[in-house]
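Data block below; observations after.
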Amino acid sequence: MEFCLTRAGKSLVATGAFALITTLVSAPGAANAQAAGAQQQPAAGQQPAGGQQQSAKNWKDRAEYDLYVKITQTTDPKARLELLNTWQDKYPQTDYSQERNQFFLVTLNQLAATDPSSRQKLVDKASEVLKTDPKNFTAMYFIALRGPSAGGASPSPDLVSTVESGARGVIENADAQFDPSKKPANVSDADFAKAKKGALGVAHNALAWAATTKKDTATAENEYKASLQADPDQGGTSAAYAQMLYTDKKIPEALFEYARAGEYAGPGPSLPADQRAKLLDFYNKAYTQYHGSSDGSQQLLDQAKTAALPPDNLNISSQAAQAQQQANAMQQRIDSDPAFKMWYSIKQSLTGDTGDQFFANMKGAEVPGGAEGVKDFTGTVITIDPPDAPTKVTLGVEDPTKADTTLVFSKPLNSAALDKIKVGNKLDFSGVAESYTKDPYMLTFTDPTIPGVQTTAPPKTGTRRRTGR
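If you're matching positions, the sequence shown starts at 118 in the working numbering and goes up one per residue.
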């Protein structure tokens, strides 16, 4: 099932967690510059005193300050961007360049949420900021956040490199950016920690995107996994990771991630309900196709509700693996049980293309008749009919739950015989095969011999002959 992480990223932007992250990664100077600058606002036409120390921040003139105030009061990002461009054009050199850069980044990011053309502009501006302020966490974060959607599926090598640098910068500087000493007083410890997890998740997602553009599947998978380890509450990332694992034929892990993406509905960013429904539909079909049945599917869904990554002991066997396991068990049984080996050989011959010819050759012969040292076959009693005076017993030789042998008696079984012939009991037998059917397979014996059981059967008339191939 195709899934695009760059589209899924929209769900992150809509969450309160995203708003908190963008607030925390932005330097406080931009938010507080008005208060700080108010103490230094110049009178109309006033210029800074010639003897004033250069370390203090000052407005070039009253017009610059008024322009800044207007920017801080403008909530529409398009209008604010126009004012920021005016500020930059009129005052290319300003003591408040850092604050202006932060406003540019935050404003372009607001526009990038709905305007694709603003995403590359944001990346370019963030790259420009990093040239003079290489530790600017806001710039690195926004490159990691918006770079993948700016580049899409066929980005330029330069953009990929820029995104990788920004994402690695976020990862390397996250501890410092989210040091407890930097937590705003109005932000809880839990929300502060959540913001850090969200930033790391974005960074690893960006690295996964970059690796995908290079067709480096192994690295992309590792980065998606690292993203979910850092921030488990990402339905879109789980879906993208699932698609990559599925394409890479890592089906059990992919099924878990599809289940996670389909089941996860919050509190973190999740996919829209209709997308989750489609993912769950795909999961159900893919699970049954791979496993052969829906057994264990609900258990996996329940696990995925509370975990973003599969457990270490995840085990969903494929139909091919189950068939191989059954074949190995069958071969082991054949090798260790001579009586079953002969029984299975007879079955294979009777169900093959020359079954009728083979049966014509064995009809009337006593089987196993001591061939290869085998005196009796063994099966599990499945039915005894009719209950009041039984003359027919069905057994399962190959499978104790599936009848493949019928024993027919000329006279009803007596009570002594029924003390030993009971449903669920093992029963040894030999005799003359009177008929068979290919599908469903059934081999019928009339008045067989059962060691230790008197069946009042007439004397045997069958001949001993080899029945193997």
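C-beta: ideal position from N, C-alpha, C; glycine also. No experiment lies behind these values; they were computed from the predicted model shown.
- Task: Could you tell me whether the stretch 258-268 touches the stretch 216-228, where touching means 3 or more Cβ pairs closer than 8 Å?
- Result: Counting C-beta pairs closer than 8 Å gives three or more between the stretch 258-268 and the stretch 216-228, which meets the contact rule.
- From which residue to which residue does the alpha helix (DSSP H) around Val186 run? Arg179 to Gln190
- Query: For the beta strand (DSSP E) that contains Thr522, what are its first and last residues?
  - Reply: Thr522 to Val525
- Query: Which two residues bound the contiguous beta strand (DSSP E) that contains Ala425?
  - Reply: Careful: Ala425 lies outside any beta strand (DSSP E) and carries neither H nor E.
- Task: Just confirm the distance between the C-beta atoms of Trp204 and Ile188, as a whole number of angstroms; I'd bet it's less than 8 Å.
- Result: Between the beta-carbon of Trp204 and that of Ile188 there is about 7 Å, and that keeps the pair under the 8 Å contact cut.
- Query: Which two residues bound the contiguous alpha helix (DSSP H) that contains Ala482?
  - Reply: That residue, Ala482, is in no alpha helix (DSSP H); its beta strand (DSSP E) goes Ala482 to Val484.
- Query: Under the rule that 16 or more other beta-carbon atoms within 10 Å means buried, what is Ser305, buried or exposed?
  - Reply: Ser305 is exposed by the Cβ-count criterion.
- Task: Would you mind stating whether Pro427 and Gln416 have Cβ atoms separated by less than 9 Å?
- Result: No, they are not a contact pair.
- I think Ser355 touches Glu338, with their Cβ atoms under 8 Å apart; what is that distance to the nearest whole Å? Contact doesn't hold; Cβ gap of about 13 Å is too wide.
- Message: Rounding to the nearest angstrom, what Cα-Cα distance links Val287 and Tyr182 in this structure?
- Response: So the alpha carbons of these two residues sit roughly 33 Å apart.
- Task: Determine the DSSP secondary structure at Gly569, reduced to helix, strand or coil.
- Result: coil
- Message: Looking at the strands, I want to know which residues DSSP matches up with Tyr553.
- Response: Leu560
- May I ask you to report which of helix, strand or coil DSSP gives Ser410? coil
- Message: Within 10 Å of its beta-carbon, does Gln227 have 16 or more other beta-carbons around it, so buried, or fewer, so exposed?
- Response: buried
- Item | Contact set for Asn432: own chain, Cβ-Cβ below 8 Å, skip 5 residues either direction | Pro369
- Item | Ile260, enclosing alpha helix (DSSP H) - first and last residue | Looking at the DSSP string, the run of the alpha helix (DSSP H) that includes Ile260 is Phe254 to Gly268.
- Task: Consult DSSP for Val280 and reduce its assignment to one of helix, strand or coil.
- Result: DSSP places Val280 in helix when its eight states are reduced to three.
- Item | Integer Cβ distance of Pro565 from Leu524, believed to fall under 8 Å | So it is a contact: roughly 5 Å between Cβ atoms.
- Query: Ends of the alpha helix (DSSP H) at Gly315?
  - Reply: Asp306 to Thr330
- Task: Give a yes or no on whether the C-beta atoms belonging to Ala312 and Phe295 are separated by under 9 Å.
- Result: yes
- Message: Could you check whether the stretch 436-445 touches the stretch 474-486, counting it as contact only if at least three pairs of C-beta atoms, one from each stretch, sit closer than 8 Å?
- Response: no
- Run of the alpha helix (DSSP H) containing Lys492, from where it starts to where it stops: Neither: Lys492 is in no alpha helix (DSSP H) and is coded neither H nor E.
- Query: Where does the unbroken alpha helix (DSSP H) through Val510 begin, and where does it stop?
  - Reply: Where Val510 is concerned, there is no enclosing alpha helix (DSSP H), although the beta strand (DSSP E) it sits in stretches over Lys509 to Gly513.
- Straight-line CA distance for Asp505 to Pro517? 24 Å
- Just how far apart, CA to CA, sit Ala328 and Lys422? Between Ala328 and Lys422, the C-alpha separation is close to 28 Å.
- Query: What do you get for Met459, buried or exposed, if any count of 16 or more other CB atoms within 10 angstroms of its CB means buried?
  - Reply: buried
- Task: Verify whether the separation of the beta carbon atoms of Pro507 and Ala424 is less than 9 Å.
- Result: no
- Task: Could you check the C-alpha separation between Lys208 and Ala371 for me, to the nearest Å?
- Result: In the sequence as displayed, the identity of residue 208 is Tyr instead of Lys. Roughly 54 Å between the two C-alpha positions.
- In three-state DSSP terms, what is Ser344? Helix at Ser344.
- Query: Between the C-alpha atoms of Pro301 and Lys331, what's the straight-line distance to the nearest angstrom?
  - Reply: Pro301 and Lys331: Cα-Cα distance of roughly 40 Å.
- Message: Can you tell me whether Gly541 is helix, strand or coil according to DSSP?
- Response: coil
- Item | Proximity to Pro557 [Cα-Cα], best of Leu467, Phe494, Arg217 and Leu418 | Cα-wise, what sits closest to Pro557 is Leu467.
- Query: Hey, would you say Thr498 sits closer than 9 Å to Val540, going by beta carbons?
  - Reply: Position check: residue 498 holds Val in this sequence, whereas Thr was assumed. Yes, these two residues count as a Cβ contact at 9 Å.
- Item | Check whether His321 and Ala359 have beta carbons under 9 Å apart | Not a contact, by the Cβ cut-off of 9 Å.
- Message: Less than 8 Å separating the Cβ of Thr191 from some heavy atom of the ligand ZN?
- Response: As presented, the structure is devoid of all ligands, the ligand ZN included, so that no description of it is given.
- Message: Measuring CB atoms only, is the stretch 450-465 touching the stretch 482-493, in the sense that at least three cross pairs come out at less than 8 Å?
- Response: yes
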